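Structure, as structure tokens:
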Ligand code: GLU
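In our numbering, the protein residues as written are 5 to 485.
Here is the structure:
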């Protein structure tokens, strides 16, 4: 390997919120740069001004930052190779297009959309793959001048010389393309803006990008891009194409399967660390088989040539499980910070910060998403609706149990968890010995009265946390049911 500094880039188009697949591409580029002591660049590919928006650009910035995939150079932080937004580079591309024309690698094309549509139709009728007819390849200077005088603005096409093109993909190994299947393709549109294939090459060349790591949906662009590099006399970067991410039904991952944008995952209550860990596993496998790893551990174990060239399945179930694992082990104060916005329908001011942390601590065990806390903590903030447990509460056993509980609660030291815990144990024993009630039946009655449910968090902790007047209030409501 040469001692050239590794420079990679992530080049999203701001025509949508940051897709989870783009986040994976960003992660692998980030990890590769980290591993190689290289630089990781963010470039915004907004040449299609109609489809690009500031809002999507902001979403891309925010989502990458939330995931911790901070870039060394980019539109906001600058760098030596700017500007990093293609729309600010429009004056750069025509120079290189002209250079290709001058060297005989490109030519002006005056065909209208209608002309090209006709060519497409004929190819379709003849059942042959479409290739541009090269109608404008040999126009004379006089003919071109005449067309221009009529006000026709040409596009610029790259002239594809037919040859077998071979490149060694970092992920997929040796790939061969027959360039005779590629027609002469546009590099500049008639409105003076570059096409994707041209802009990406000019930018990667000028930004000294050494490795292009991206999804295999771009693999058909790679031969065209290599031809442009060669024509420009530029060094061709190394390419690595990642297998695609498919939905569990093996179709293209789309919104009907669940969230696909990083910001939507975050809104649903996925933790960014869990998301990052999960997407790393879509193509990368830990050498020790331990899948739960933070980004530093993944970086240490990351080898680009070991990435999987086959497609990965996005298992939402597995992501949910993994998210639950992260929720269980996350620092409680940090978790509470993330959880509170999800509970904004409740008056959380009723509790101190410490109590809120305690509520999250005792309810986090079974949840997979932060939004699950809305239901699982509801009884701390709202008096229950007893519909579901009405029958249970009206049983002889419950009435009996709650009558005594109402009296006993006066003797509980509600600030002292141990005291509550021990008194509840005595309470169960009392009913077991005196009335033969099963301990769990005794507790169902207490739980149903205080929470409106038959299962939930640790009962002693709930009693400790609920304000005493609310406990009394609920016991009174239940008595009157
Ligand atoms: N703007 C392209 C995309 O969003 C980037 C392709 C590339 O990495 O070359 O798909």
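No residue lacks a Cβ here, since even glycine has one placed at the ideal position from N, Cα and C. These figures come from a predicted structure and were not determined experimentally.
- Shortest gap from the CB of residue 17 to any heavy atom of the ligand GLU: under 7 Å.
- Rounded to the nearest whole angstrom, the CA to CA distance from residue 338 to residue 330 is 12 Å.
- The residue among 170, 24, 461, 375 with its C-alpha nearest the C-alpha of residue 365 is 461.
- Taking a contact to require three or more Cβ pairs closer than 8 Å, the region 222 to 240 and the region 190 to 208 qualify as touching.
- Between residue 284 and residue 46, the beta carbon gap of about 19 Å keeps them out of contact (Cβ cut-off 8 Å).
- In this structure, the CA atom of residue 120 is about 27 Å from the CA atom of residue 17.
- The C-beta of residue 155 has fewer than 16 other C-beta atoms within 10 Å across all chains shown, which makes the residue exposed.
- Residue pairing from DSSP places residue 113 in a beta bridge opposite 159.
- Selection 172, 181, 152, 173 evaluated against residue 166 yields 181 as nearest (Cα-Cα).
- At a cut-off of 7 Å, the beta-carbon of residue 204 counts as near the ligand GLU: some heavy atom of the ligand is closer than that.
- Look at residue 55: its beta carbon is at least 7 Å from all of the heavy atoms in the ligand GLU.
- Assignment of residue 165 by DSSP, reduced to helix, strand and coil, places it in the coil class.
- Two segments are said to touch when three or more pairs of C-beta atoms, one from each, lie closer than 8 Å; by this definition the region 198 to 205 does not touch the region 71 to 80.
- Of all alpha-carbon atoms in 243, 237, 200, the one lying nearest the alpha-carbon of residue 170 is that of 243.
- Residue environment analysis places residue 185 among the exposed positions, since fewer than 16 neighbouring C-beta atoms fall within 10 angstroms of its C-beta.
- With fewer than 16 other CB atoms across the displayed protein chains lying within 10 angstroms of its CB, residue 254 is exposed.
- Take residue 148, set aside five residues on each side of it, and the residues of its chain with a beta-carbon closer than 7 Å to its own are 112, in chain order.
- Straight-line spacing of the CA atoms in residue 465 and residue 476 works out to 16 Å.
- Per DSSP, the continuous alpha helix (DSSP H) segment holding residue 434 begins and ends at 421 to 439.
- For residue 47, there is no enclosing beta strand (DSSP E), since its DSSP letter is neither H nor E.
- Taking a C-beta distance under 8 Å as the contact criterion, residue 245 and residue 218 qualify as a contact pair.
- Among the bridge pairs identified by DSSP, residue 54 is matched with none.
- Nearest Cα to residue 134 within the set 288, 122, 140: 122.
- With a cutoff of 7 Å, residue 218 counts as near the ligand GLU, since its C-beta is closer than that to a heavy atom of the ligand.
- Among the bridge pairs identified by DSSP, residue 189 is matched with 162.
- Using a Cβ-Cβ distance cut-off of 8 Å, the region 371 to 389 and the region 409 to 428 are not in contact, since fewer than three pairs of beta carbons, one from each stretch, lie closer than that value.
- Of the residues assessed, residue 43 falls on the buried side of the cut-off, its CB having 16 or more other CB atoms within 10 angstroms.
- With 16 or more neighbouring CB atoms inside 10 Å of its own CB, residue 56 falls in the buried class.
- Between residue 342 and the set 390, 472, 70, 62, the nearest pair of CA atoms involves 70.
- Per DSSP, the unbroken beta strand (DSSP E) holding residue 216 starts and ends at 215 to 219.
- Relative to the Cα of residue 402, the nearest Cα in the group 448, 422, 430 belongs to 448.
- In terms of side-chain proximity, the C-beta atom of residue 92 is found no nearer than 7 Å to any non-hydrogen atom of the ligand GLU.
- In this structure, 305 is the residue among 271, 305, 259, 128 with its C-alpha nearest to the C-alpha of residue 281.
- Taking every protein chain shown into account, the CB of residue 237 has fewer than 16 other CB atoms within 10 angstroms, so this residue is exposed.
- In this structure, residue 220 and residue 177 do not form a Cβ contact; the two beta carbons are roughly 13 Å apart against a cut-off of 8 Å.
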